[in-house]
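S.K.: In the working numbering, the protein residues as written are 9 to 704.
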């Protein structure tokens, strides 16, 4: 069942609102997803209109707002929504937006973060033991977050879901009249950055009794019989010998199975139960979002598309976008990055994966939060960082964004509009950017990526369970540009090489080789089924030696369609759970004698050099090195927008071959113009900047 089918059988699409590749279609008109965040409950109601007018003046079409449970709750199940406190009058705020021609993205949580104490949850909820996530020792899972630590809720807790449903029921009578076409709300966000409240280590949580019950149901559904599970785990039957203490209780029934509490694998096959636990976390979150979505529908808030935002470092968390999109219509990303070379790599990686998935699902690649400013306990992010991040994300395929924050508020520094609705100089950039996107019809353009670097979900689960730094989340390493080689234990489990690490090195080697020659590519996840592979000319699959047979078959099918397939750095001798293959993969189906091994950087460089000619790959190399170019085409295949990215701290004249992009270009932000000479387009680039150029 799809997310759309799950919500009231599609009844709500009678509201004439649906997601399309260019944004959101409302009553037949496509509205690009350009939004700005305004937190009404943090502002003087007398300033709401001025603030919303300023948002509209920046060229934004939607206003995004949280509806915080803790702010509105005055007693369990009772909300203050403007009857006595004008600052909490969500109806009036939305109606002002409607009068100004703005649509609304509503984010009722229950978790919203927003730098609120308890992340917007009522204090009574986080201190209720029945709602709390549990550690392996059955202690509350504490989040050390300013102004003080608090225990995080369990996404599996029935008590928590019951309370959230009661909150939605109290909210429904006020929000339902505001849904399009009777009001301006056109999109609902379900929860917020659902990475287990940033306590997302494989063995941090969740050992809540309701989570353990869900875990056992997950295993029963996956394996069907206890004998199938025993065969998968290699667990001895009682008459086959002593059962290791770490696996006692798994032998006779699902109801007695306990999850792993630490990595105790001694051989490849021992990884199966740990990878199942990591996969269960993905299932847990998708199930929780589905329950919350159904609670919204039950409260009358139905018939509109839904969204969820993945935080920075999402690839190292249990947030599996392929699973979340089964229960949520639009999965977007949050962007908070500095202007530097490391951030460019991270943005390119994250956005290309988002754009590839979104294109296949016919939805826009959306930044649910595009940082404009920063909370006071973050590293400072100035206006140059914000401009670099959004332009860099657009360069790699983003098609819409929500300026977070558009309007100043407490616990935030650097928004382009102050709390009185007065535009600051930073607002000029956003206004020019919105105008540039409209002028070029950017939401209708496409960046083609004929090369895909495929990271199987097994590799991401493996990196989670082999994380070496305890409570310091793997997402932290991803946020700073580090991967498995920096954060995973080097255990080889008898294979003779460190699992996870070499596959990470393999993927990075190809990233660097492709970028050195300007070949456009995307990083894609291995559980996106046919989403990521359909139109690729070259698929590069990283593996530590394990591959799902289903994924191998998809690679072989792509090869049969004419794509080149390269795998490495190890021959896949195991299935996706590191169980020995009963029948080895026929690597000949991939058109190769074996995996690409040996000196991987040199082999990757040679493979890319060969593929450019043999596969007729586009190449947008730029001189000098360290400058990056992306091209965006219209429906006819004509290049319309060129991005030039200088993440370095050098002032540079970039030289781009004009043969690929035309002879004239104009900067859509500062109005500079450039003409090709001797077949080369020369573009002056200040340090840590991105140019967005219209091509003629």
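We put the CB at the ideal spot given by N, CA and C, even for glycine.
On a predicted model such as this, the values are computed, not experimentally measured, just so you know.
Runs of 3 residues minimum, wholly inside the region 139–225: which ones carry the beta strand (DSSP E) assignment?
M.R.: 193–197
S.K.: What are the start and end residues of the beta strand (DSSP E) that includes residue 440?
M.R.: No beta strand (DSSP E) holds residue 440; the alpha helix (DSSP H) holding it covers 434–448.
S.K.: Is the beta carbon of residue 29 sitting closer than 8 Å to the one on residue 370?
M.R.: yes
S.K.: Look up residue 341 in the DSSP assignment and give the residues it is bridged to.
M.R.: 318 and 375
S.K.: Which residues does DSSP pair with residue 675 in a beta bridge?
M.R.: Answer is 701.
S.K.: CA-CA distance, residue 186 and residue 42?
M.R.: 20 Å
S.K.: Measuring CA to CA, which of 210, 156, 193 and 34 is closest to residue 474?
M.R.: Looking at the Cα atoms, 210 is the closest of the given residues.
S.K.: For residue 480, verify whether its CB is less than 7 Å away from any heavy atom of the ligand NAD.
M.R.: Inclusion of the ligand NAD in the displayed structure is not the case, the ligand content being empty and no account of it being possible.
S.K.: Using the Cα positions of residue 268 and residue 450, report the straight-line distance between them to the nearest angstrom.
M.R.: 48 Å
S.K.: Should residue 145 be labelled buried (16 or more other beta-carbon atoms within 10 Å of its own) or exposed?
M.R.: exposed
S.K.: Considering just the uninterrupted stretch of the alpha helix (DSSP H) at residue 288, what are its terminal residues?
M.R.: 279–306
S.K.: Have a look at residue 642 and residue 611 and give me their C-alpha separation to the nearest angstrom.
M.R.: Roughly 35 Å separates the two Cα atoms.
S.K.: Rounded to the nearest angstrom, what separates residue 480 and residue 487 at their Cα positions?
M.R.: 12 Å
S.K.: Quick one: Cα of residue 656 to Cα of residue 618, how far?
M.R.: 29 Å
S.K.: Run the CB neighbour count on residue 157, radius 10 Å, all protein chains shown included, and call it buried at 16 or more, exposed below.
M.R.: Burial call: exposed.
S.K.: Please say whether residue 340 and residue 382 have beta carbons closer to each other than 8 Å?
M.R.: no
S.K.: How about residue 7 and residue 562: are their beta carbons less than 8 Å apart?
M.R.: As displayed, the chain neither begins before 9 nor continues past 704, which places residue 7 out of reach and without an answer.
S.K.: What do you get for residue 7, buried or exposed, if any count of 16 or more other CB atoms within 10 angstroms of its CB means buried?
M.R.: Because residue 7 is not part of the residues shown, which for the chain are 9 to 704, the question remains open.
S.K.: Got a sec? Which residues, its chain only, sit under 8 Å from residue 688 by beta carbon, not counting five neighbours each side?
M.R.: Setting aside the 5 residues that flank it on each side, residue 688 is surrounded in the same chain by 663, 664, 665 and 666, each with a C-beta closer than 8 Å to its C-beta; the list follows chain order.
S.K.: Counting beta carbon pairs with one atom in the region 482–501 and one in the region 426–437, are three or more of them shorter than 8 Å?
M.R.: no
S.K.: Quick one: what does DSSP say residue 247 is sitting in, helix, strand or coil?
M.R.: Any answer about residue 247 is weak, because its pLDDT of 43 lies below 50 and its placement is not dependable; what the coordinates show is given next. Helix.
S.K.: Pick helix, strand or coil for residue 511, following the three-state DSSP scheme.
M.R.: helix
S.K.: Going by DSSP in three states, residue 84 sits in which element: helix, strand or coil?
M.R.: coil
S.K.: Using the three-state DSSP reduction, which class does residue 505 fall into: helix, strand or coil?
M.R.: Of the three classes helix, strand and coil, the one that applies to residue 505 here is coil, per DSSP.
S.K.: Around the Cβ of residue 250, are there at least 16 other Cβ atoms within 10 angstroms (buried) or fewer (exposed)?
M.R.: Low confidence applies to residue 250: its pLDDT is 42, below 50, so where it sits in the model is not reliable enough to give any reading.
S.K.: I want to know whether the region 173–187 touches the region 109–124 - three or more CB-CB distances under 8 Å.
M.R.: With a cut-off of 8 Å, the region 109–124 and the region 173–187 count as touching, because enough Cβ pairs lie within range.
S.K.: For residue 705 versus residue 482, is the C-beta spacing smaller than 8 Å?
M.R.: There is no way to answer for residue 705, as the model of the chain reaches only from 9 to 704.
S.K.: Around the C-beta of residue 305, are 16 or more other C-beta atoms found within 10 angstroms, so that it is buried, or is it exposed?
M.R.: Residue burial is scored here from C-beta neighbours: residue 305 has at least 16 other C-beta atoms within 10 angstroms and is therefore classed as buried.
S.K.: If you draw a straight line from the C-alpha of residue 588 to the C-alpha of residue 439, how long is it?
M.R.: 57 Å
S.K.: Excluding the five sequence neighbours on either side, which residues of its own chain have a C-beta within less than 8 Å of the C-beta of residue 696, listed in chain order?
M.R.: 347, 348, 392, 396, 654, 655, 656 and 657
S.K.: Within its chain, find whatever has a CB closer than 6 Å to the CB of residue 330; leave out the 5 residues flanking it on each side and keep chain order.
M.R.: 535 and 536
S.K.: Any contact between the region 226–240 and the region 303–323? By contact I mean 3 or more CB pairs, one from each, below 8 Å.
M.R.: no
S.K.: What is the C-beta distance between residue 361 and residue 531, in whole angstroms, given that I count them as a contact (C-beta under 8 Å)?
M.R.: 5 Å
S.K.: Compute the beta-carbon to beta-carbon distance between residue 192 and residue 110, rounded to the nearest angstrom, for a pair I have assumed lies under 8 Å.
M.R.: 7 Å
S.K.: With DSSP as the reference, label residue 386 as helix, strand or coil.
M.R.: coil
S.K.: I'd like to confirm the pairing. Which residues does DSSP put opposite residue 421 in its beta bridges?
M.R.: Note: residue 421 sits in a beta bridge opposite 382.
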